[in-house]
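2 protein chains.
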Amino acid sequence: MNDTPKFRRQAPDARKKDLIDATIRCLEKKGSDGLSVRSISAEAGISVGLINHHYPSKDDLIADAYEKLATDILQNVINIVAETDGSPREKMSAFFKAYFSSIVLDQKFLRIWIVFWYMSDKSEKVRLSHDKTNAGFRRQIELMLRNLGELPEAPDFNYRLAAIGLSGMLDGLWLEWCLNPEIFAPEEGLMLCEGWVDGLMAGAFKL
Amino acid sequence: MNDTPKFRRQAPDARKKDLIDATIRCLEKKGSDGLSVRSISAEAGISVGLINHHYPSKDDLIADAYEKLATDILQNVINIVAETDGSPREKMSAFFKAYFSSIVLDQKFLRIWIVFWYMSDKSEKVRLSHDKTNAGFRRQIELMLRNLGELPEAPDFNYRLAAIGLSGMLDGLWLEWCLNPEIFAPEEGLMLCEGWVDGLMAGAFKL
DNA sequence: TTTCTTATTGAACGATCGTTCAATTGTGAT
DNA sequence: ATCACAATTGAACGATCGTTCAATAAGAAA
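Quick note, the sequences are listed as chains A and B, same order.
Residue 34 in our numbering sits at position 34 of the first sequence, and the numbers go up by one each step.
In short: position in the second sequence from 1, add 207, done, that's our numbering.
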């Protein structure tokens with residue numbers, strides 16, 4: 001009679017990938033209102049029950065989505081830096097340019113991040129995803145600063161402390177721009193970070 | 208027979224103050240789990256219905272609590288700076304010292320702030336409280352930078368841009384320290400900010 | 001003491017939440 | 001073509017949410 005199937009079966013791994021993507025899309029579009037299993041399953045085009053078939057709880061899905069999105073964003077930036085041939089200083093500039101583009105500087109990301117942070121307070125799983133991705137970001141910053149610091153013309157400075165300062169400034173500017181993009185332009189944020197690194201290389205800080 | 212009253216009446220203003228305080232205490236203690244009217248009313252020692260008698264909705268109470276807490280914290284810092292006699296540069300240092308003390312740098316505040324940010328996405332009222340208090344913070348930073356810039360030995364720099372850079376660094380370090388206090392010590396954050404201002408006054412940045 | 005105002009209570013309501021599970025059905029293996 | 005497995009469905013459950021509102025009673029005014 002009716003030979004159009006009511007649903008399509010998928011292998012667990014493929015379905016989980018779909019669910020993760022749907023979760024990210026859902027949080028992008030609806031923010032904290034997109035956090036419910038019904039909202040996510042509607043976005044994924046599947047029934048409510050399927051989420052708990054593939055995940056022990058909603059929190060595990062959120063944690064996976066967190067890790068996927070954060071890793072993707074960082075990887076996008078890293079790829080752009082890797083494609084740039086040049087000195088460590090030029091690579092740092094390439095990093096800033098990518099960071100202050102819509103690859104990172106996008107209000108939808110803060111909208112999602114707030115939900116992740118909110119969930120981190122409730123769920124151990126989400127907090128673990130947070131810690132892992134945060135460490136990856138800081139490691140990347142520190143690596144670039146180390147390459148800078150090993151140049152012959154570079155003054156002595158504390159790599160760890162410099163990485164904290166720079167990622168603090170990056171995070172802070174990202175946060176503030178997302179909270180209110182009218183306060184300053186992305187290029188101004190970029191200029192502030194370039195200036196900070198110039199100051200560092202000129203020995204203006206005692207680190 | 209029983210002459211101990213079942214409850215004590217309070218004037219609306221006094222009761223609202225109690226509710227605001229209870230909300231802040233509740234969010235401090237329980238984070239996002241302390242957001243419900245039942246949780247808040249239990250903390251305040253009153254019945255569930257009373258909140259909606261004094262506030263049209265829960266969001267209005269949250270917005271009031273946001274504004275109260277943010278204003279109080281900023282005021283505490285301003286008071287300490289005001290008590291400090293000295294040059295604009297010394298006042299800036301007093302500000303940093305207060306900022307990197309538990310007056311501002313306290314994990315419980317981020318826990319509360321995440322709830323506020325989370326609510327900002329849902330409630331226009333909460334977002335207004337956020338915008339207002341954020342502007343007050345930035346205004347204070349810019350004022351101190353202006354006092355610095357008007358010194359005869361100061362180089363020319365853009366006050367607005369400098370305020371964005373400094374408050375970005377302050378916000379970012381606050382956020383990162385609260386997310387994971389083991390990454391760096393408060394004194395290190397203070398040192399980074401002092402170094403940034405020293406660089407600014409030495410003309411290391413082109414702002 | 002009596003009256004009147006209104007702050008306060010707490011049960012009730014409808015909505016929504018995450019999760020469960022028996023029934024269904026797509027799909028590859030036989 | 002048939003079987004067996006398991007991916008998928010969707011109704012149902014109990015918990016919790018914010019809000020409403022009729023009943024109550026505290027406390028000032030008369």
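Beta carbons are placed, not taken as given, at the ideal position from N, Cα and C, and that holds for glycine.
Exposed or buried, residue i, counting other C-beta atoms within 10 Å across all chains shown (16 or more means buried)?
i: B/H337; result: buried
i: A/D171; result: buried
i: B/E331; result: exposed
i: A/L151; result: exposed
i: A/S32; result: buried
i: B/F307; result: buried
i: B/S369; result: Note on identity: in this sequence residue 369 of chain B is Ala, with Ser being the wrong assignment. Result: buried.
i: B/S294; result: exposed
i: A/F7; result: exposed
i: A/E264; result: Because chain A spans 1 through 207 in this model, residue 264 of chain A falls outside it and cannot be assessed.
i: B/P219; result: exposed
i: B/A289; result: exposed
i: A/P5; result: exposed
Taking a contact to mean a Cβ-Cβ separation below 9 Å, would you say residue i touches residue j in this structure?
i: A/I112; j: A/V77; result: no
i: B/K265; j: B/I231; result: no
i: A/G195; j: B/G396; result: no
i: A/I40; j: A/G49; result: no
i: B/I253; j: B/R222; result: yes
i: A/V115; j: A/L27; result: yes
i: A/G149; j: B/G406; result: no
i: A/Y118; j: B/Y325; result: yes
i: B/A392; j: B/V333; result: no
Check the C-beta distance from residue i over to residue j and give it rounded, since I have them as a contact under 8 Å.
i: A/I20; j: A/A70; result: Not really, about 12 Å apart at Cβ, beyond 8 Å.
i: A/I80; j: A/A98; result: 4 Å
i: A/G165; j: B/L399; result: 4 Å
i: B/E349; j: B/R367; result: 7 Å
i: A/M144; j: A/F95; result: 6 Å
i: A/N158; j: A/L105; result: With 8 Å as the limit, A/N158 and A/L105 do not qualify as a contact, their Cβ atoms being about 28 Å apart.
Is it true that the stretch 131-138 of chain A meets the stretch 79-96 of chain A, where meeting means three or more beta-carbon pairs spaced less than 8 Å apart? As far as the Cβ criterion goes, the stretch 131-138 of chain A does not touch the stretch 79-96 of chain A, which means the pair count is below three.
Does the count of Cβ pairs from the stretch 193-206 of chain A and the stretch 378-397 of chain B closer than 8 Å reach three? The stretch 193-206 of chain A, when compared against the stretch 378-397 of chain B, does not touch it at the 8 Å Cβ threshold.
Going along the chain, which unbroken runs of the alpha helix (DSSP H) with 4 or more residues stay wholly within the stretch 132-185 of chain A? Entirely contained in the stretch 132-185 of chain A, the alpha helix (DSSP H) runs reaching 4 residues are, in chain order, 159-179.
Restricting to runs no shorter than 4 residues, where is the alpha helix (DSSP H) found entirely within the stretch 58-111 of chain A? Those alpha helix (DSSP H) runs which fall completely within the stretch 58-111 of chain A and span 4+ residues are 58-83, 88-99.
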